[in-house]
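First comes the structure, then the notes that go with it.
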Ligand code: SF4
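Residue numbers (our numbering), protein chains in the order written: chain A, 1 to 382; chain B, 383 to 969.
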């Protein structure tokens, strides 16, 4: 389990979720406790005693996220309700405590996967592996970031019954907007169309790493696929896009094998997109300002479409349900090779290599960031 | 029936078949709060007679619903049947679908406890509060479909045992509503030993009203959203569309499909019984347990077998004849016997004799078991007894005499441990590590590693004890988590248990089961796997090496598991440990 501790500590730092190794304490319990700390605080032992878990992370998020959380906690000191789809589906809401009280923390963690403590940071748990705790921590950072900026804009414009932000909130938002900007544009992906299976896997691996390092997705979310004749190569459900080799399913498009049981929950959206376009590569990420701008306005109905400039925004939930995005996304992709799903993320496609899809995904994010800034300016916040 | 907030008084019907008495009573609310219902309450009731012989007059047969049964929480109306297993000698609770649980709840009962032995064979008819003991004179070898046909106009739910149970088959099942099997461990033999052919229940006078309907609706919506987001449930090849047959291709691809009595882990002709082939040849339709939107059950002109049955009547017996598999399954259902043990016993016999039973010869073997003739005389006793009788005990691929289902432990190390530690013998459902080791839910774990698995399996056993005690279904947890079900439970019952309160109750229930097994003489050696898995490799595949399990690593993991579970080094549980865990003591 020690390898898990090291792996997720380095991932927390690499993904910019914490600043350095001193900002995160990771614990994995089998019959013994494994950690990156020299000593184990009695509070940690108490949490393991009170909860039937095998993994725990206590982390102070890097300053930008931490200041966002601090600001949100001022609004509601007990609970943060995310507004993006993925967080609503998987983490529901985020309990908040003022100080680290073991009993109170255990109670909160008994109902939810993670918790924010105002004087400490984020605590998340898992019952299977540290990966769960890592994912929950990453989700909390994403959910609070998106909620923060979405609420500021919708509040300013009076949309979605969002309260108008006060001066302090606007000042803070203005101050952190520049550091929150997407990474400078750089497309590292090859323009060569992958031919063999080995080349396809290599191309998917490179694309996954590229969108994670460009912060266009938070590691375990998003998905990637590549079509080759009658086959589709697609990332497995819950796979980490920066660790794809070994986590890619190769499945026949016609459904003649059920090995896609482990494939991404968006498989059907990918398949339908391939069915109605000539594209052969799809990237799906959760670029933050694309998600935020998709929610700018009143909530989007399932059959409605709107645009961020020329980019279509459609509604749809994760997966294959009656209101799944597989029913709305492919048609929007057909015309534009890209679309943003309301409160969820961006899909971009192209033919040939992943180069074009990455280009679209990244430029849409920059476009959405600019659109966000303009919308703030238009509302008199500059 | 609207209970008061947090009221956990369970309504019980106690039936003594010897005296034909039916007494209504309530169960101590503290027991309700501690054991919830379903498997928990069944285990608690069995713990009052831990040494009873499975087939004796005194042995109880307990049918128990869960606190979510009849609520709007999806996939939560499964019935638990508990008794001691005549096959394994362990505790033998088994979850079963259909509509038995909801009919019982609507009749006003949370559980039914049956003891005694009727002098004449009978059928128990429960029509709301009215209980009738109906003598019956149907031939003992009457196929079960005829018993269900006889009750078609009853408009309730029927649980019945078939010819296998009356001919001393040690793995006789109890069939519910014609399609749903309470299969493992031979609980049908317990029912038959009481001369009880069937239980027919019709209920209409009670409904379940949630204490907090809004909370119930929120939990319901959250759970449905998670079902939709789960590829294993609602995906193109999810169990909703394909049934558990969806696992055939995946298990073959992962080289963990037990073949030729576990001598190999890959069957070249697996496509003969894959979900795709079944769709092409059978065109099955969906059906479901009461209140379940997943509807993983599949039916064509006959019932489509579950993955375990397809694989064991297929690969385990090297049989690529789908029609023969479906027929073998139908015969098992008609005779009322566990398909997994039946198929594994035939594969064991085949290996001992150096033969293969495929196609019609396979079907003939099933007929022989059902009719207790020919090889059926031996086969009906299960592979452990059969192999011992034939002088080759090592050929029985079983733990505590329960045959391994269709997940080869050399390809899933968490499962290897879970087969050993399961309280009812080699069962994949007590911890269900397939969820994370293969289906990547809630996250993926390394299937070829024991790292961290001791605690993972312990927690999963606690979790599944809770699922079985609230009326839930394991498959629902390929999408949703206990977090959402805990909210649902609180909304329905008003009892504000959170996830970890529930896991604590699960720990207590599981440890109680282990304690009962301790009293019944089970020790560490009973938690080991057949030697084959430690000495013979499986079948390798592209990029997959299926090595024998390192026995030292397995035993070290077992040691860690015992330490985490609070057992002694020999795997036993003390009364003191049980007292420590008792939530009543801690409340
Ligand atoms: S998922 Fe299948 S087994 Fe589970 S409750 Fe639903 S129909 Fe029954």
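We put the CB at the ideal spot given by N, CA and C, even for glycine.
- Close CB contacts of residue 659 (chain B) within its chain, under the 8 Å cut and outside five residues either way in sequence, are with 653 and 704 (chain order).
- Residue list for ligand 1: B:457, B:460, B:479, B:621, B:670, B:671, B:674, B:676, B:677, B:678, B:679, B:855, B:857 and B:858 (CB closer than 7 Å to any heavy atom, chain order).
- Taking the C-beta atoms as reference points, residue 398 (chain B) is found nearer than 7 Å to residue 497 (chain B).
- In the structure shown, residue 641 (chain B) adopts extended strand secondary structure according to DSSP, grouped into three states.
- Residue 917 (chain B) and residue 739 (chain B) have their C-alpha atoms roughly 25 Å apart.
- Per DSSP, the beta bridge partners of residue 667 (chain B) are B:681.
- Residue 945 (chain B) has a beta carbon lying within less than 7 Å of a beta carbon in chain A.
- Counting along the chain, residue 584 (chain B) sits inside the beta strand (DSSP E) bounded by residues 578-584.
- Across the structure, residue 709 (chain B) and residue 210 (chain A) are spaced so that their CA atoms are roughly 53 Å apart.
- Around the beta carbon of residue 342 (chain A), 16 or more other beta carbons lie within 10 angstroms, which makes this residue buried.
- For residue 204 (chain A), the enclosing alpha helix (DSSP H) has its first and last residue at 197-213.
- Beta bridge pairing from DSSP links residue 25 (chain A) with A:58.
- Taking a cut-off of 8 Å for Cβ pairs, the stretch 889-897 of chain B and the stretch 601-613 of chain B do not touch, as fewer than three such pairs fall below it.
- Taking the CA atoms as reference points, residue 165 (chain A) sits about 25 Å from residue 307 (chain A).
- Using a 10 angstroms sphere on the CB of residue 81 (chain A), the tally of other CB atoms stays under 16, which defines it as exposed.
- In this model, residue 806 (chain B) and residue 474 (chain B) are separated by some 6 Å (Cα to Cα).
- For the pair residue 465 (chain B) and residue 151 (chain A), the Cα-to-Cα distance works out to about 57 Å.
- Counting only runs that start and end inside the stretch 403-461 of chain B, the alpha helix (DSSP H) elements of at least 4 residues fall at 411-417 and 420-428.
- Using a Cβ distance threshold of 7 Å, residue 586 (chain B) and residue 719 (chain B) do not count as a contacting pair.
- No Cβ of chain A is located within less than 7 Å of the beta carbon of residue 605 (chain B).
- Taking 8 Å as the upper bound for CB-CB distance, residue 455 (chain B) and residue 867 (chain B) are in contact here, some 7 Å apart.
- With its beta carbon less than 7 Å from one in chain B, residue 265 (chain A) belongs to the interface.
- Straight-line spacing of the CA atoms in residue 36 (chain A) and residue 761 (chain B) works out to 55 Å.
- B:646 is the residue among B:646, B:669, B:843 and B:702 whose C-alpha sits nearest the C-alpha of residue 793 (chain B).
- By alpha-carbon distance to residue 334 (chain A), the top candidate from A:276, A:282, A:309 and A:352 is A:276.
- Rounded to the nearest angstrom, the gap between the Cα atoms of residue 952 (chain B) and residue 905 (chain B) is 6 Å.
- For the 7 Å CB-CB criterion, residue 744 (chain B) and residue 706 (chain B) form a contact.
- Taking 7 Å as the upper bound on Cβ-Cβ separation, chain B lies near residues 28, 29, 30 and 31 of the stretch 18-49 of chain A.
- For the pair residue 365 (chain A) and residue 289 (chain A), the CB atoms are nearer than the 7 Å cut-off.
- Only residues of its own chain outside the window of five on either side were considered, and among them 154, 298 and 299 have a CB closer than 7 Å to the CB of residue 160 (chain A), listed in chain order.
- Residue-level contact by beta carbon fails for residue 389 (chain B) and chain A, as no gap is shorter than 7 Å.
- Our two residues, residue 882 (chain B) and residue 47 (chain A), have alpha carbons roughly 11 Å apart in a direct line.
- Against chain B, the beta carbon of residue 259 (chain A) has neighbours under 7 Å at 631, 632 and 635, listed in chain order.
- Sixteen is the threshold: when 16 or more other Cβ atoms of the shown chains lie within 10 Å of the Cβ of residue 416 (chain B), as they do, the residue is buried.
- The residues 183, in chain order, have a CB closer than 6 Å to that of residue 215 (chain A) in the same chain once the five nearest residues on each side in sequence are set aside.
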